[in-house]
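Working notes for the structure below.
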C-alpha cells in the first residue's frame with residue numbers, strides 16, 4: 026500500500042497509541058480493549074522500517090493479539106453463545122467460500138452471513154452495477170446477507186451499523202483498499218479473528234519480479250490475518266520466502282472454490298440446455314461448448330498486463346457468429362472489465378459496452394455470464410480461450426483444452442509456468458491461430474496435451490489427495506480445532 030503524507034500521519038498516530046497502550050499494560054491483559062483496532066497493527070506493519078525494532082515489535086503484538094482473540098472465541102464457544110461469522114465479498118464471480126459458508130451455516134453454534142461490500146475506487150455507475158449484481162446473486166442463492174450500502178439513503182455503511190462486531194471475519198480478497206474505509210477489516214477491533222480464503226490461484230508475476238513479493242506474499246493483510254488458507258505447496262513456499270511472518274500463519278488447505286470439481290457432477294441434457302444456448306433442434310452432444318474469458322488489464326498500466334481483449338474483442342464475436350451451428354459460446358468477462366474497457370477507451374461509455382454484451386446475448390448460440398457462479402459452466406464446457414490469470418489454474422481441475430491468449434508483457438511464477446506449459450498458446454492478435462484451435466482442437470477433438478495437463482495437476486494442484494480432504498472441510502476443521510482446544 027502506497028502512503029501519502031496524510032496516511033503516514035494517520036498511521037503514525039495509531040502507532041503512538043499502541044506504544045502508550047503497551048506502557049499502560051493494555052496488551053498484557055487477557056482481553057485487549059476494543060479501543061484498539063486492526064488499523065493500529067496495520068499502521069505498525071506499514072511503518073515498521075521507520076522504527077528501531079519495528080518488525081520485531083509488530084510480530085510480538087501480532088502474536089499477542091491473535092492469541093487474545095482466540096482465547097475470547099474459545100470462551101464464547103464453551104459458554105454456548107453463538108459465534109458470529111462474516112464472509113466479506115464484493116464480487117459474486119470471485120466468491121470462493123461456498124463450501125465453508127455452508128458448513129458454518131449448518132452448525133447451530135454459528136451465525137454465518139455474507140457482507141456484500143461495495144467498491145468505491147471507480148465511478149458511481151461501475152460501483153453500483155457490480156454491487157447490485159453481486160447482492161442479487163447472493164440473495165437469490167439462499168445466503169444470509171448484510172448489505173454494505175443502505176438501500177434507503179445509498180450511504181456506505183460501517184461495521185457499527187450491523188450491531189455487535191463479528192467474532193470471525195473471512196476476507197476473500199486482498200484488495201480491501203478498493204472498498205469504503207468504513208468497511209475495511211482493519212476498522213474492526215482486535216478481538217475479531219481474521220482469516221483469508223483466496224479467490225484465485227497465485228500464478229502471475231510482472232516482468233520486474235516485484236508483484237508477488239510486494240503485492241501478494243508480504244502485503245499488509247497477509248501479515249495481519251490469523252490464517253491464510255492457500256492453494257498449493259508452491260504458494261506456501263512463496264509466503265515462507267517473502268512474508269515478514271515467514272509463513273507461520275499460512276496453511277496449505279487447497280483452494281476451497283475447487284472443492285466443487287471433486288464432487289460427483291451429473292449434468293442432464295435439460296440442465297445443459299438451461300446453462301448453454303444450444304442452437305437449432307440439436308442435442309447438447311452435437312454442439313461444442315467453449316468459454317471466452319477476457320482479463321480486465323486493458324489500460325496498459327498496473328501491476329499485471331495480461332489482457333488481449335483490445336485486440337480481439339470483435340474477432341471473438343465474429344467467431345461466435347461464424348460457428349453458430351457448431352459451437353455454443355459463453356462470454357465470461359472479468360468483473361472489472363466493464364469499468365476498465367470504458368476507462369481504456371475501448372468503448373466510449375458503459376452503454377456502448379453493454380450493447381457489445383447484448384450482441385453476444387442476441388445470438389442463438391451465445392450468452393454472457395457476469396456476477397454469478399461459473400463452476401457449472403467449467404464442468405459442462407469443452408474448452409476455454411482466455412488471458413485471465415486465475416482461470417488458468419482453475420480450468421486445470423476439469424482437464425479440458427485451454428488456449429492461452431498471449432501478449433509480451435505476460436509473466437508467471439514457477440507454478441504458473443508449469444501450468445501454462447500444459448496449455449495451447451496463441452498471440453491474442455493471431456486470429457488464424459485462434460481459429461485453428463477452435464477448429465482442430467475443440468471441434469475435431471485433436472487434444473494432444475491432455476496427458477501433460479493431468480500430470481501437472483497431480484503434482485501441483487491435487488490438494489485432496491495431498492490432504493485427504495477437501496479445502497472447505499480443512500478450513501472448517503481448523504477453526505473447530507482451536508475452539509475445542511483446552512490447552
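In this note's numbering, the protein residues as written are 26 to 512. All C-beta atoms, glycine included, are put in the ideal place defined by N, C-alpha and C. In this text the structure is predicted, and so the values were computed from the model without any measurement.
- Item | Local Cβ density within 10 Å of residue 247, reported as buried at 16 or more and exposed below that | buried
- Task: Count the C-beta pairs between the region 305-323 and the region 408-423 that are closer than 8 Å, then say yes if the count reaches three, no if not.
- Result: Output reads yes: the region 408-423 touches the region 305-323.
- Task: Report buried or exposed for residue 242, applying the criterion of at least 16 other Cβ atoms within 10 angstroms of its Cβ.
- Result: buried
- Task: Check whether the Cβ of residue 504 lies closer than 8 Å to any heavy atom of the ligand GDP, and answer yes or no.
- Result: Ligands in the displayed structure: none, and consequently the ligand GDP is not present.
- Query: From what residue to what residue does the alpha helix (DSSP H) around residue 505 run?
  - Reply: 496-509
- Per DSSP, what kind of secondary structure is residue 214 in: helix, strand or coil? strand
- Going by C-alpha distance, which of 443, 287, 173, 356 is nearest residue 383? 356
- Output yes if chain C places a C-beta closer than 9 Å to the C-beta of residue 270; else output no. Among the chains in the structure shown there is no chain C, since it carries only a single protein chain.
- Test item: CB-CB of residue 444 and residue 417 under 9 Å: yes
- Query: Can residue 470 and residue 287 be called in contact, C-beta distance under 9 Å?
  - Reply: no
- Message: For residue 452, tell me which candidate among 333, 341, 490 has the shortest Cα-Cα distance.
- Response: 333
- Item | Integer Cβ distance of residue 203 from residue 144, believed to fall under 8 Å | Between residue 203 and residue 144, the beta carbon gap of about 5 Å places them in contact (Cβ cut-off 8 Å).
- Message: Can you tell me whether residue 448 is buried or exposed? The criterion is at least 16 other CB atoms within 10 Å of its CB, across all chains shown.
- Response: buried
- Message: Just to confirm before moving on: does the CB-CB distance between residue 312 and residue 353 stay below 9 Å?
- Response: yes
- Task: Run through the region 129-200 for me and flag every whole beta strand (DSSP E) of 3 or more residues, listed as ranges in chain order.
- Result: 135-141, 170-172, 193-196
- Would you please state the rounded distance, in angstroms, between the beta carbons of residue 499 and residue 279? I believe it to be under 8 Å. 7 Å
- Query: What is the rounded straight-line gap between the Cα of residue 147 and the Cα of residue 364?
  - Reply: 8 Å
- Task: Alpha carbon to alpha carbon, how far is residue 497 from residue 238? Give it in angstroms, no decimals.
- Result: 27 Å
- Message: Considering only their Cβ atoms, is the gap separating residue 184 from residue 212 smaller than 9 Å?
- Response: yes
- Message: Check this for me: beta carbons of residue 197 and residue 223, under 9 Å apart or not?
- Response: yes
- Under three-state DSSP, which class holds residue 206? helix
- Alpha-carbon to alpha-carbon, residue 232 and residue 69: 30 Å
- Task: Could you name the residues that DSSP lists as bridge partners for residue 253?
- Result: 221, 275
- Residue burial classification, residue 488 (beta-carbon count within 10 angstroms, cutoff 16): Result: buried.
- List the endpoints of the continuous beta strand (DSSP E) containing residue 318. 313-318
- Name the residue from 169, 186, 166 whose alpha carbon lies nearest to the alpha carbon of residue 175. 186
- Query: Going by C-alpha distance, which of 503, 508, 214, 290 is nearest residue 254?
  - Reply: 503
- Query: Is the beta carbon of residue 47 sitting closer than 9 Å to the one on residue 93?
  - Reply: no
- Task: Under 8 Å by Cβ, that's how I've got residue 129 and residue 501 pegged, so tell me the actual separation to the nearest angstrom.
- Result: 7 Å
- Task: Give the DSSP-derived three-state secondary structure of residue 411 in the structure shown.
- Result: strand
- Hey, out of 170, 152, 192, 166, whose CA is closest to residue 179's CA? Of the candidates 170, 152, 192, 166, 152 places its Cα closest to the Cα of residue 179.
- Task: May I ask you to verify whether the region 82-93 touches the region 362-382, counting CB pairs closer than 8 Å and requiring at least 3?
- Result: Output reads no: the region 362-382 does not touch the region 82-93.
- Task: Look at the Cβ atom of residue 485, then the Cβ atom of residue 259, and state whether they are nearer than 9 Å.
- Result: yes
- Item | The alpha helix (DSSP H) enclosing residue 388, as first and last residue numbers | Careful: residue 388 lies outside any alpha helix (DSSP H) and carries neither H nor E.
- Through-space distance from residue 439 to residue 483, alpha-carbon basis: 16 Å
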